[in-house]
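Have a look at the structure below before the remarks.
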Amino acid sequence: MAVPWYPRSWAALIAALTLLLVTGCAGGDEPPPTVESSSAAPGPPSGTPAPPTSATGGDGTGDDGGKSVEGDIDAAVSVTNTYWQTHWPQLFTGGYNPPRLLGAYDGGTPGSPVCGSEPLPDDNAVYCPDGDYIAWDMDLMRWGHARGDAWVYLVIAHEWGHAVQNRLDAGLVDLARELQADCLAGAVLFGAAQDGTLTFEEGDTEELADALTALADRTPWTDIADHGDASQRVSYFSRGARSGVKSCLPNAIE
Ligand SMILES: [Zn+2]
């Protein structure tokens, strides 16, 4: 994925996504870390979060294929924040305020940051409501980025979705929080493509499906903490991609 230098048609994107849904997704091979949200005990996070940056990248070189994981993370943060900043007033009442960015951490090491009283999980990514921040273990990001750069966009947009949930009235938050976060991620990434702030490159939609599959539970959603199985994750993501943020809200009519 890249910040744009050439437009790829919206219709082509949706066609690729539809194809994905029909054919299912390439199965993930190996031992994926799960992307989890939150734990919620009190206490401030350690570290000094930086505010999200506004639009960076998009320098017009078009040479984004070999971007570093750090560069893709920066771009994903910028694209996601810009989407919410731009569209929040059309979607919700009140002003938009972005979550804080704790950024990269090294899970499982002494002194790694905490959410409440719990250390941030190893090989994972989080939105921590207590402290209102997003953070990611770089091992998760590197592992996924090696599979495809779309990975980091999905993880950032998904965690940002949890931050958005935390800003909404309870009635707008789906009981299946993880699947709703996937739906919001789809709405953001495809919405950003429509806005022209993100360009999908060849293979990106397949990478997104691969990432959702790799990060899925082995069993379908039954409980608030579940992420859902691969077909559910792809299905919710695709709903948001096709029909936007409002389709992710409870009782939405597609
Ligand atoms: Zn989550």
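All the letters of the sequence shown, read from the start, carry residue numbers -28 to -1, 1 to 226 under mature numbering (1 follows the signal peptide of the UniProt record, and there is no 0).
Note that the Cβ used here is the ideal one computed from N, Cα and C, for glycine as well.
- Leu187 and Val160 have their alpha carbons spaced roughly 19 Å apart.
- Annotation for Tyr208 indicates a beta carbon at 8 Å or more from all heavy atoms of ligand 1.
- According to DSSP, Tyr77 shares a beta bridge with Asp109.
- Around the CB of Gly168, fewer than 16 other CB atoms lie within 10 Å, so the residue is classed as exposed.
- Taking Gln57 as the centre and dropping the five residues before and after it, the same chain places the C-beta of Tyr68 closer than 6 Å to its C-beta, in chain order.
- Per DSSP, the continuous alpha helix (DSSP H) segment holding Cys155 begins and ends at 149 to 167.
- Assignment of Arg114 by DSSP, reduced to helix, strand and coil, places it in the helix class.
- Going by C-alpha positions, Pro91 is about 23 Å away from Glu42.
- In the DSSP secondary-structure assignment, Thr171 is bridged to Ala(-27).
- The shortest CA-to-CA distance from Arg72 to any of Gly88, Asp95, Trp132 is the one to Trp132.
- In the structure shown, the three-state DSSP call for Arg211 is helix.
- Leu112 and Ile45 have their C-alpha atoms roughly 12 Å apart.
- A direct Cα-Cα distance of roughly 12 Å separates Ser89 from Gly103.
- The C-alpha of Ile128 lies about 22 Å from the C-alpha of Thr81.
- Sorting Cys155, Arg139, His130, Gly120 by C-alpha distance to the C-alpha of Asn96 places His130 at the top.
- Excluding residues up to 5 positions away in sequence, Glu179 lie with their Cβ nearer than 6 Å to the Cβ of Gly120 in the same chain.
- Between Leu151 and Arg205, the gap from beta carbon to beta carbon is short of 9 Å.
- With respect to the C-alpha of Pro101, the residue from Gly38, Asp176, Leu74 having the closest C-alpha is Leu74.
- Taking His117 as the centre and dropping the five residues before and after it, the same chain places the C-beta of Val41, Asp44, Trp123, Val124 closer than 7 Å to its C-beta, in chain order.
- The nearest non-hydrogen atom of ligand 1 is 8 Å or more from the C-beta of Tyr125.
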